[in-house]
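*Asks:*
Protein chains: 2
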Amino acid sequence: MTTEERVRLQKQFVETIGLEYEKEGMQPVSGRILALLMVMDKECFTFDEIIEELEISKSAASVALRMLQLRNNVEYITFPGDRKRYFRLKRVEPYHIFEETRRKMLRDIENIGKILALKANPDTPNSQFLKEIKQMMEFFNESLDQLKESYLKKHNSTNFSS
Amino acid sequence: MTTEERVRLQKQFVETIGLEYEKEGMQPVSGRILALLMVMDKECFTFDEIIEELEISKSAASVALRMLQLRNNVEYITFPGDRKRYFRLKRVEPYHIFEETRRKMLRDIENIGKILALKANPDTPNSQFLKEIKQMMEFFNESLDQLKESYLKKHNSTNFSS
DNA sequence: TATTCAGTTCGTAACTACACGAACTAAAAT
DNA sequence: ATTTTAGTTCGTGTAGTTACGAACTGAATA
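Just so you know, the sequences run in chain order R and V. Take 1 as the starting number for the first sequence in the working numbering and just add one per residue. Take 1001 as the starting number for the second sequence in the working numbering and just add one per residue.
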């Protein structure tokens, strides 16, 4: 595979991944920028490079980049004597990617609790079903910490063994 | 708390939960219907009851109910000699609620794999970061089955003991 | 056969989100 | 002091959603 071919496939894949992010509720431009930073070989893009590569306006890039930084997906670095911002993927600890799932689950647990508290009869099939769902979520949520620990243990042990 | 108070709080909560579903990407009317079926004491609502309770049009209800059935959140039952459909929450196995998370994660794993395959250099900080994320997701995905099993075991054992 | 019932489909109007370009800002260079 | 650089903010047009009412369908009833 030649370099040109690879780059062509990468640019194509930026669009694909961008579309997926869009379907998951992200705004189109934000999704494309995030995909760009993940897929391409260049690790840091300037504002103008992003605009040029994705053919979007400055304002669209500005708004999208602010959101991506707020969401903790993107950060920028700067260099002395250079006013440009160099945007790149924010490299968070891998297990942080479940934080959002966890927050959502905690909200759900709380909501179901409130629903159950308002029920006239806590033993109807619906109430029972909601209780089961809540239990499952609570169990799962408690397991997350353990899972994180065992991942770290496994990850470290491979560093020492072999 | 009187019954009227409880029902008032329930109706209020339908709106709150509906809004949350909306923020998670569900259509407004679908979110309200799902919330209605979760929160209220009545376990089965007819088409007309839903329309009346939420003050929506027949067409809006029709479209939303079709989507909720496709998404496996709602089902309806019928009774002989009664043409009405009685809509209610679909009571799936609790651990099914993670199926969507899992599917999304498998897609992500696949996508990151493709991204890495297209990288010129697999050892840059970005590539390393993506690899770690992928590993974490793979570990997590493998743990899900185990988690499900141990949930079932725990759930059953409490049925026999004490 | 006509009518009612229980929804579905379709066309439309109102609303919303998105991205654009133009105007603006703040800091640095000339 | 003026110009350039590197973005940000704002107002607007457009495209896409959403929900409505009216017309329709298909089954059951009269």
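All residues carry an ideal CB built from backbone N, CA and C; glycine is no exception. Just so you know, these numbers come straight off a predicted model, no measurement behind them.
Classify Lys1023(V) as helix, strand or coil using the three-state DSSP reduction.
*Replies:* Indexing the second sequence from 1 puts residue 1023(V) at position 23. Of the three classes helix, strand and coil, the one that applies to Lys1023(V) here is helix, per DSSP.
*Asks:* In the DSSP assignment, what residue or residues form a beta bridge with Pro1106(V)?
*Replies:* To locate residue 1106(V), count along the second sequence from 1; it is residue 106. Strictly speaking, residue 1106(V) in this sequence is Leu, with Pro absent from that position. BP columns for Leu1106(V) are empty, so no partner.
*Asks:* Does Lys119(R) get closer than 8 Å to chain V when you measure Cβ to Cβ?
*Replies:* Taking the first residue of the first sequence as 1, we reach residue 119(R) at position 119. Taking Cβ atoms only, chain V reaches closer than 8 Å to Lys119(R), which makes this a yes.
*Asks:* From this set, Lys1154(V), Met1001(V), Asn1141(V), Phe1047(V), which residue's C-alpha is nearest Arg1083(V)'s C-alpha?
*Replies:* Against the second sequence, residue 1083(V) aligns to sequence position 83. Residue Phe1047(V) is the option with its Cα nearest to Arg1083(V).
*Asks:* Considering Lys1058(V), what are the terminal residues of the beta strand (DSSP E) in which it resides?
*Replies:* Position 58 of the second sequence, counted from the start, is the residue given in the question as residue 1058(V). From DSSP, Lys1058(V) is part of no beta strand (DSSP E) but of the alpha helix (DSSP H) over 1058-1070.
*Asks:* Could you pull the start and end residues of the alpha helix (DSSP H) that Ile97(R) belongs to?
*Replies:* Working through the first sequence from its first residue, we reach residue 97(R) at position 97. Segment: none, Ile97(R) is in no alpha helix (DSSP H) and carries neither H nor E.
*Asks:* CA-CA distance, Pro94(R) and Lys1131(V)?
*Replies:* Taking the first sequence and counting its residues from 1, one reaches residue 94(R) at position 94. Taking the second sequence and counting its residues from 1, one reaches residue 1131(V) at position 131. Those two C-alpha atoms are separated by around 10 Å.
*Asks:* What are the residues of the region 62-91 of chain R that lie near chain V, defined by any Cβ-Cβ distance shorter than 8 Å?
*Replies:* If the cut-off is 8 Å between Cβ atoms, the region 62-91 of chain R has Arg88, Leu89, Arg91 near chain V.
*Asks:* Would DSSP call Lys1119(V) helix, strand or coil?
*Replies:* Walking along the second sequence from the start, residue 1119(V) turns up at place 119. In the structure shown, Lys1119(V) sits in coil (DSSP, three-state: anything other than H, G, I, E or B).
*Asks:* Using a 10 Å radius around the Cβ and a threshold of 16 neighbouring Cβ atoms, would you call Ile1077(V) buried or exposed?
*Replies:* Numbered from 1 along the second sequence, position 77 holds the residue referred to as residue 1077(V). By the neighbour-count rule (16 or more Cβ atoms within 10 Å), Ile1077(V) is not buried but exposed.
*Asks:* With a threshold of 8 Å between beta-carbons, can Thr101(R) be considered close to chain V, or not?
*Replies:* Sequence index remark: in the first sequence, residue 101(R) carries index 101 (1-based). Thr101(R) counts as touching chain V.
*Asks:* Val1092(V) by DSSP, collapsed to three states: which one?
*Replies:* Translated into the one-based positions of the second sequence, residue 1092(V) becomes position 92. In the structure shown, Val1092(V) sits in coil (DSSP, three-state: anything other than H, G, I, E or B).
*Asks:* Select from Ser30(R), Leu144(R), Leu54(R), Ser127(R) the residue whose C-alpha is nearest the C-alpha of Gln69(R).
*Replies:* Position 69 of the first sequence, counted from the first residue, corresponds to residue 69(R). It is Ser30(R) whose Cα lies nearest to the Cα of Gln69(R).
*Asks:* Measure the C-alpha to C-alpha separation of Glu1049(V) and Gly18(R) and round it to an integer number of angstroms.
*Replies:* Taking the first residue of the second sequence as 1, we reach residue 1049(V) at position 49. Taking the first residue of the first sequence as 1, we reach residue 18(R) at position 18. Cα-Cα distance, rounded: 41 Å.
*Asks:* Assign Asn126(R) to buried or exposed, taking buried as 16 or more other Cβ atoms, counted over all protein chains shown, within 10 Å of its Cβ.
*Replies:* Against the first sequence, residue 126(R) aligns to sequence position 126. The residue is buried, with at least 16 neighbouring Cβ atoms inside 10 Å.
*Asks:* Specify, as a first and last residue, the run of the beta strand (DSSP E) that Glu75(R) falls within.
*Replies:* Counted from its first residue, the first sequence places residue 75(R) at position 75. That run of the beta strand (DSSP E) goes 74-79.
*Asks:* Report the three-state DSSP secondary structure of Lys1114(V) (helix, strand or coil).
*Replies:* The residue labelled residue 1114(V) in the question sits at position 114 within the second sequence. Helix, per DSSP.
*Asks:* Using DSSP with H/G/I as helix, E/B as strand and the rest coil, what is Lys1042(V)?
*Replies:* Position 42 of the second sequence, counted from the start, is the residue given in the question as residue 1042(V). Residue state, collapsed to three classes: coil.
*Asks:* Assuming Leu1036(V) and Phe1045(V) make a contact with CB atoms under 8 Å, what is their CB distance in whole Å?
*Replies:* Within the second sequence, the letter at position 36 stands for residue 1036(V). Within the second sequence, the letter at position 45 stands for residue 1045(V). Their Cβ separation, rounded to whole angstroms, is 7 Å, which keeps Leu1036(V) and Phe1045(V) in contact under 8 Å.
*Asks:* Roughly how many angstroms separate the alpha carbons of Leu144(R) and Thr2(R), rounded to a whole number?
*Replies:* To locate residue 144(R), count along the first sequence from 1; it is residue 144. To locate residue 2(R), count along the first sequence from 1; it is residue 2. Approximately 43 Å, taken between the alpha carbons.
*Asks:* DSSP puts Tyr86(R) in a beta bridge; with which residues?
*Replies:* Translated into the one-based positions of the first sequence, residue 86(R) becomes position 86. Paired residue(s): Thr46(R), Ile77(R).
*Asks:* Can you pull out the residues from the region 123-135 of chain R whose beta carbon lies closer than 8 Å to at least one beta carbon of chain V?
*Replies:* Thr124, Pro125, Asn126, Phe129, Leu130, Glu132, Ile133, Gln135
*Asks:* Sorted by chain position, which residues of the same chain lie with C-beta nearer than 8 Å to Val1074(V)'s C-beta, five sequence neighbours on each side aside?
*Replies:* Position 74 of the second sequence, counting from 1, holds the residue named residue 1074(V). Within the same chain, Val1074(V) has close Cβ partners Ile1033, Leu1034, Leu1037, Leu1065, Leu1068, Phe1087, Arg1088, Leu1089, Lys1090.
*Asks:* Under 8 Å between C-beta atoms, does Asp145(R) make it to chain V?
*Replies:* Walking along the first sequence from the start, residue 145(R) turns up at place 145. Not closer than 8 Å to any Cβ of chain V, the Cβ of Asp145(R) fails to qualify, so no.
*Asks:* When you compare only the Cα positions, how much space is there between Met40(R) and Val7(R)?
*Replies:* Position 40 of the first sequence holds residue 40(R). Position 7 of the first sequence holds residue 7(R). Going by the C-alpha atoms only, they are around 8 Å apart.
*Asks:* Find out if the Cβ-Cβ distance for the pair Asn1141(V), Leu1118(V) is shorter than 8 Å.
*Replies:* For the purposes of this step, residue 1141(V) is taken as the residue at position 141 of the second sequence. For the purposes of this step, residue 1118(V) is taken as the residue at position 118 of the second sequence. Cβ distance not < 8 Å, so Asn1141(V) and Leu1118(V) don't count as in contact.
*Asks:* Considering only the beta carbon of each residue, do Ile97(R) and Ile1112(V) sit closer than 8 Å?
*Replies:* Here residue 97(R) is taken as the residue at index 97 of the first sequence, counted from 1. Here residue 1112(V) is taken as the residue at index 112 of the second sequence, counted from 1. For Ile97(R) and Ile1112(V), no; Cβs fall outside 8 Å.
*Asks:* Thinking Lys114(R) and Phe1013(V) are a contact (beta carbons under 8 Å), I'd like their distance in whole angstroms, please.
*Replies:* For the purposes of this step, residue 114(R) is identified with residue 114 of the first sequence, where counting begins at 1. For the purposes of this step, residue 1013(V) is identified with residue 13 of the second sequence, where counting begins at 1. Between Phe1013(V) and Lys114(R) the Cβ distance is about 7 Å, and since that is below 8 Å, they are a contact.
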